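Please read the structure below before turning to the comments.
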Amino acid sequence: DITAQHIEQTEREQESALLADILSHIPHSVFWKDKNSVYRGCNERFLRDANLKSRSQVIGKNDFEMPWGKTDAENYRLYDAKLIASGKSELNIEETQSRADGSVAHVITSKVPLRNRKGEITGILGIYMDISELREAQMQLEDQQRRMGAASKMAALGVLAAGIAHEINNPLAIISATCSYLEEASAQGTLGRPELENGLAVVDKTVNRIAKIVRGLKAFTRNQSKEQMRETPLAKILDESFELCAERMRACDIQFIRPELPEAEMLFCRESEISQVLINLLNNSVDAIASLDEKWIKVGLAVEEGFSVLTITDSGPGIPEAVRAKIFEPFFTTKDVGKGTGLGLSISLGLIASHGGTFSYNSASPHTEFVLALPRAKKEPQKERAA
Ligand SMILES: Nc1ncnc2c1ncn2[C@@H]1O[C@H](COP(=O)(O)OP(=O)(O)OP(=O)(O)O)[C@@H](O)[C@H]1O
Ligand SMILES: [Mg+2]
């Protein structure tokens with residue numbers, strides 16, 4: 056009997072030594088509290104986070120007596136209370152932990168109830184993981200992506216700049232000539248009311264033309280980090296994007312075919328981003344077909360449940376399979392150094408994904424074709440279904 060007792064005790068000792076070993080070696084911080092959120096124990100890592108030397112400095116304390124700030128402490132106790140009241144675990148809570156050295160760590164915490172043999176809750180077991188570095192890396196990545204997006208947008212605009220200058224210069228020349236004519240006619244006393252009205256109508260129409268281009272430029276260059284998602288007519292986005300590329304297409308003698316867009320077709324989007332995607336696609340198509348015999352770019356629209364599906368097709372024969380596999384990768388380009396950065400499609404993919412849409416290459420088409428599914432503004436599909 057004594058031997059049996061002895062064996063049992065040794066086993067128990069081994070087991071608790073193993074547990075202690077696990078607690079001190081797992082790469083997580085572990086603590087436990089009683090029902091009143093008073094600390095009853097912790098592992099070494101937790102001590103380190105609290106900048107304390109021994110467990111005796113933790114045991115018996117509540118969160119307000121620990122080195123973290125009042126807000127953190129209140130937050131921790133809120134989850135403790137919730138868990139004690141419901142008896143349910145609180146998993147993957149994202150919270151902060153202000154440390155003694157002034158730094159603020161981001162942690163993911165899970166708390167489970169501790170129970171006695173009768174099943175009554177006696178306390179809380181908590182375990183958390185420090186995700187500060189991960190978060191920092193994530194933020195840096197997002198920041199870099201934003202910068203890349205902005206750089207690529209400016210590069211796309213650079214390609215179009217000469218065309219846009221031309222687009223503005225032409226109407227300016229028309230306005231200037233009309234004014235000269237009116238001035239001369241007036242000086243010679245031959246300016247009748249019909250001539251004046253005609254002249255003014257020409258100026259008005261031409262000014263509108265410039266205004267349209269400037270509007271497109273403004274929509275395109277809007278600071279997208281501040282731009283909110285809002286209902287925007289698809290026709291407006293397509294018009295303004297096309298306006299910016301129009302002269303480049305004309306210079307290459309490319310025919311642009313677009314559908315009559317229903318005015319009510321509304322997207323829920325950040326306009327400058329959708330415009331950036333369309334301009335990337337149009338620029339790519341111009342690059343691809345400029346030297347072909349048959350030169351056209353066609354936009355098509357299909358309306359599906361919740362989505363406006365745009366197809367952008369050019370007269371090119373499609374992208375060879377080996378190239379196709381890589382076109383959405385950042386920095387993949389088949390263009391000369393200084394001509395393409397290889398960012399257009401990868402950034403476009405990110406922008407469309409952030410809208411909850413999809414963006415893909417259609418390899419079933421005999422011509423080069425990209426398909427964009429963009430979320431429609433909510434109320435429209437219902438209206439149509441009722442009609
Ligand atoms: N319409 C198209 N026809 C043929 N090839 C295309 C077409 N669109 C894209 N590609 C191919 O995909 C590659 C990647 O396109 P992407 O827009 O990402 O970069 P890029 O146009 O080379 O450079 P950037 O857009 O950064 O100036 C292109 O280099 C080209 O090989
Ligand atoms: Mg491109």
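Under my numbering, the residues of the sequence shown are numbered 56 to 442, in order.
A virtual CB, placed ideally from N, CA and C, is assigned to each residue, including glycine.
Just so you know, these numbers come straight off a predicted model, no measurement behind them.
Inset, instruction - Would you give the residue range spanned by the beta strand (DSSP E) that E149 belongs to? - result: 145 to 153
Inset, instruction - Out of I329, Y94, I344, point me to the one whose CA is closest to G405's CA. - result: I329
Legend entry - Collapsed DSSP secondary structure at P436 in the structure displayed: Any reading at P436 must be qualified, since the residue scores a pLDDT of 43, below 50, and its modelled position is unreliable; the value itself is stated next. The answer is helix: DSSP assigns P436 an H, G or I state.
Inset, instruction - Check whether the segment 187 to 195 touches the segment 348 to 368, taking contact to mean three or more Cβ pairs, one atom from each stretch, closer than 8 Å. - result: no
Legend entry - Bridge partner(s) assigned by DSSP for G96: W87
Legend entry - Contact set for A42: own chain, Cβ-Cβ below 8 Å, skip 5 residues either direction: This structure cannot speak to residue 42, because the chain is shown only from 56 to 442.
Inset, instruction - Answer with buried or exposed for A408, where buried requires no fewer than 16 other C-beta atoms within 10 angstroms of its C-beta. - result: exposed
Inset, instruction - With DSSP collapsed to three states, give me the class of I338. - result: Sequence check: residue 338 is Asn here, not Ile. Three-state result, N338: helix.
Inset, instruction - Report buried or exposed for T65, applying the criterion of at least 16 other Cβ atoms within 10 angstroms of its Cβ. - result: exposed
Legend entry - Length of the line joining the Cα atoms of A192 and D198: 10 Å
Inset, instruction - Would you mind stating whether L299 and L316 have Cβ atoms separated by less than 9 Å? - result: no
Legend entry - K353 CB to nearest heavy atom of ligand 1 below 8 Å: no
Legend entry - Minimum C-alpha distance to Y183 - residue among W87, A217, I230: W87
Legend entry - Assigned exposure category for L427 - 16 Cβ within 10 Å defines buried: buried
Legend entry - Any heavy atom of ligand 1 nearer than 5 Å to the CB - residues listed: N339, S340, A343, G371, I374, I382, T388, T389, K390, G395, T396, G397, L398, G399, L400, T423
Legend entry - Cβ neighbours of R440 in the same chain (closer than 8 Å, five flanking residues each side left out): Its pLDDT being 41, under 50, R440 is placed unreliably in this model, and the coordinates cannot settle the point.
Inset, instruction - State the DSSP-derived secondary structure class of M284, mapped to helix, strand or coil. - result: coil
Legend entry - Classification of G157 by the beta-carbon crowding that lies within 10 angstroms, buried from 16 upward: exposed
Inset, instruction - May I ask you to check if the CB of N106 is nearer than 8 Å to at least one heavy atom of ligand 2? - result: no
Inset, instruction - Could you tell me if S403 is buried or exposed, where buried requires 16 or more neighbouring beta carbons within 10 angstroms of its beta carbon? - result: buried
Legend entry - Residue burial classification, F275 (beta-carbon count within 10 angstroms, cutoff 16): buried
Legend entry - Nearest candidate by alpha-carbon position, reference I148, set G115, A266, N130: N130
Inset, instruction - State the beta-bridge partners of G204 as determined by DSSP. - result: G204 is not bridged to any residue.
Inset, instruction - Run the CB neighbour count on Q69, radius 10 Å, all protein chains shown included, and call it buried at 16 or more, exposed below. - result: exposed
Inset, instruction - Look at the Cβ atom of D127, then the Cβ atom of E150, and state whether they are nearer than 9 Å. - result: yes
Inset, instruction - Tell me whether the beta-carbon of I352 lies closer than 9 Å to the beta-carbon of Q310. - result: yes
Inset, instruction - List the endpoints of the continuous beta strand (DSSP E) containing H161. - result: 159 to 170
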